[in-house]
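Asker: Supplied in structure tokens, the structure appears directly below.
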């Protein structure tokens, strides 16, 4: 299939850590960066392996003050394979002359391949091809294959195969003053002559991690058919490191093949007695590399059948969309659904944000909801299992209900750092981002959108409604009624913008009446009664008794949904109360003075200025409202509150903040692309392309190497399905589609799973075609374009004409296609 290869020609040391992040390979349980097997951790390379839930907390002393940080731990490095020729030093990029080099990432199968041809100092020319994968078929399995060809020499080689437990967390420069040692050694072990194994333990969380590796050599004319040959093996082991050296002879022009099959287990896994025994037992049973790779590829093929997005007219966008799909599925797969896992904002590909879970899941779930909803369901349970901590946090802060943390890790306590290093000034500044209470609103929104896409009333009954009730109760307790305005207000919070933490000169942190936060609270207050009405009467009554939800609380929620205060100025939504009084920034000056102004907050602080004083946004949170809700939904919220909502409000507000936003977060490009899709399609497409390029081209200048951005990768996929294809699901249960940018979308095809039924949606020649698979069809489904709604039957196809005008004629039935 075309459009599935990301290829780098030539070795560039300065780009290597970026390439390692982008060519990571994972399976939704663990993920390993695309580092060359023969390279050690250093300034050029950073081998890293991370698993869901693999957190550890450590303490660093700053000026006598203890600072806690919980990290997603860099686990033992299973990659290690090194080549020594005639007893000399191991081959590295820096020790040989590279004659040819290509680093390829097969996106379709998350397969890392390196082809290098090199000349060593003795004039020996050697070709080495490396392939590796982390199995999508079996969550604990990974494999490496080397094919070695001596071109102008024969002789003896040694292959060092190792498991290295001496890893630390030191990838991110601004965290390096924080304690990064998270692993304690336990024991090395062997399981027979071919298998080495290593067990370590996290220092605080007491998670045992075990890896086992079986390394074999294949020689002869029929490498892939012959069995492994006997080789000379020597063993060296320490408490936190174990290696074998495999010595054998090679002949000029004849290939030799090395296979390393690996198993990784932790004490958090199910159905094991303990991880070291499990790793050794499983790797002993693993098939040969080729057979394991076939199973891995079959599992990926099944995923692509459900998850691919075809965009034939835009080959570059097509490639990057598929790269994003691959990375999303490597972090959130069916394997993930079997574990207690959230969505780390930077995936399992690096150490930025310390592997914490933020609100970025808001951008991740829309794509999964309509393809792999069982994964969203499991990820939402990560929040449900931490409901007790959210309740405790609300209580300690003087609120009711559940207040979820801005940064979450192992147990759902607040993991947001107290101080943050500004790399421009070198100063540690106070970090107040824990005041972003809107993460609780995002969780409520995620549960509701999941239900709309799946009609999973069982989840709503058993888990979702309780989550939503406690979040609604929190917003009712953090809000207070202002008799002068006869409105409810929320003070002391921070919006998604993040550049504004407090008012200029104020000692107290937080802002008054952040528009995004208040509008979300009003929407939640209006939606919660609908949720209760959906539940069986007995369950609704039981939840109210269990949570002591009174009639007075229901009355307050109803009142909040009608009288929450929203600030405005000059005909636009104010980001927060008082925003209009801030200073305008000289944008022309800063664009001329700095090559990149995305992190304008750091620039201003380095100049001794306070970002709180200026009309500048990292990501304009008032604009988020138009991204999360369509016109009719948002109009209903505003009109229920008694505020006017004309069609031009969106355009005015978006244009106002577009001029004042630095896009310091890659999510900002996604948001603006989404809100502009119906207002300025050309500009929307341009922002979409920037969002697509943001990781692969590292538009933030060094952040992608620290871990891919799950939000922006998922967000680009959601942009195509929701903003460009115009998909939405209303309270009436109709899947509506309104494709835009038809010149670019002609030929687009994607699959959706709507309420249990698989659909294939495509645009061709000015027509929208929706096909419903008969297999798994649950009940008649309704699909609409504009006001025209058609009911699909099993195996049925519906075709809508897509004229340039806003409205469309009724669909014509194209009959059954099977």
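Residue numbers (my numbering): 22 to 839. Yeah, the Cβ is synthetic: ideal placement off N, Cα and C, and Gly gets one too.
1) Are the CB atoms of residue 806 and residue 812 nearer to each other than 9 angstroms?
2) Count the C-beta pairs between the region 336-344 and the region 183-197 that are closer than 8 angstroms, then say yes if the count reaches three, no if not.
3) Excluding the 5 residues preceding and the 5 following residue 725 in the sequence, name in chain order all residues of the same chain whose CB lies nearer than 6 angstroms to its CB.
4) When you compare the region 357-369 with the region 66-78, are there three or more beta-carbon pairs, one atom per stretch, that lie closer than 8 angstroms?
5) Leaving out the 5 sequence neighbours to the left and right, which residues in its chain are closer than 6 angstroms to residue 34 when beta-carbon positions are compared?
6) Roughly how many angstroms lie between the CA atoms of residue 791 and residue 814, to the nearest whole one?
7) Would you check if there are 3 or more beta carbon pairs closer than 8 angstroms linking the region 577-587 to the region 658-677?
8) Do residue 557 and residue 474 come within 9 angstroms of each other at the CB atom, strictly closer than that value?
9) Does DSSP classify residue 204 as helix, strand or coil?
10) From residue 416 to residue 760, what does the alpha carbon distance come to, in whole angstroms?
11) Any idea which residues DSSP pairs residue 100 with across the strands?
12) State the beta-bridge partners of residue 176 as determined by DSSP.
13) So, at 7 angstroms on beta carbons, what are the nonlocal neighbours of residue 692 in its own chain, with the 5 sequence-adjacent residues on each side left out?
14) Do residue 47 and residue 351 come within 9 angstroms of each other at the CB atom, strictly closer than that value?
15) Please classify residue 615 as buried or exposed, where buried requires at least 16 neighbouring CB atoms within 10 angstroms.
16) What residue ranges within the region 618-686 form continuous beta strand (DSSP E) runs of no fewer than 3 residues, ordered along the chain?
17) Measuring alpha carbon to alpha carbon, tell me which of 249, 279, 706 ends up nearest residue 100.
18) Quick check: the region 291-309 against the region 228-247, are there 3 or more CB pairs under 8 angstroms?
19) Between the Cα of residue 776 and those of 211, 392, 370, spot the shortest distance and give me the residue it belongs to.
20) For residue 256, report the span of its alpha helix (DSSP H) as first-last.
21) If we require 4 or more residues per run, which alpha helix (DSSP H) segments fall completely within the region 501-589?
22) Would you mind stating whether residue 162 and residue 217 have Cβ atoms separated by less than 9 angstroms?
23) For residue 357 and residue 271, I'd like the C-alpha separation in whole angstroms.
24) Determine the direct distance from the alpha carbon of residue 84 to that of residue 119, and round the result to whole angstroms.
25) Where does the unbroken beta strand (DSSP E) through residue 134 begin, and where does it stop?
26) Rounded to whole angstroms, what is the Cα-Cα separation between residue 732 and residue 168?
27) Can you say whether residue 800 is buried or exposed, counting buried as having 16 or more other CB atoms within 10 angstroms of its CB?
28) Per the DSSP calculation, residue 822 is bridged to which residue(s)?
29) How big is the Cα-Cα spacing for residue 130 and residue 24?
30) Considering just the uninterrupted stretch of the beta strand (DSSP E) at residue 407, what are its terminal residues?
31) Residue 772 lies in the beta strand (DSSP E); which residues open and close that run?
32) Is it the case that the Cβ atoms of residue 215 and residue 105 are separated by a distance below 9 angstroms?
33) Looking at the structure shown, is residue 111 part of a helix, part of a strand, or coil, going by DSSP?
34) Suppose the cutoff is 8 angstroms on Cβ atoms and the five residues either side in sequence are ignored; what does the same chain contact list for residue 788 look like?
35) Can you check whether the CB of residue 729 is closer than 9 angstroms to the CB of residue 368?
36) Provide the residue span of the beta strand (DSSP E) that contains residue 806, from first to last.
Answerer: Taking the structure as given:
1) no
2) no
3) 39, 42, 716, 719
4) yes
5) 65
6) 11 angstroms
7) yes
8) no
9) strand
10) 46 angstroms
11) Answer by DSSP bridge pairing: none, since residue 100 is not bridged.
12) 271
13) 640, 644, 645, 648
14) yes
15) exposed
16) none
17) 279
18) yes
19) 392
20) Segment 253-259 is the beta strand (DSSP E) holding residue 256; no alpha helix (DSSP H) there.
21) 536-555, 558-568, 572-584
22) no
23) 42 angstroms
24) 48 angstroms
25) 132-140
26) 37 angstroms
27) exposed
28) 788
29) 12 angstroms
30) Note, residue 407: premise wrong, no beta strand (DSSP E); not H, not E.
31) 770-775
32) no
33) coil
34) 820, 821, 822, 823
35) yes
36) 802-806
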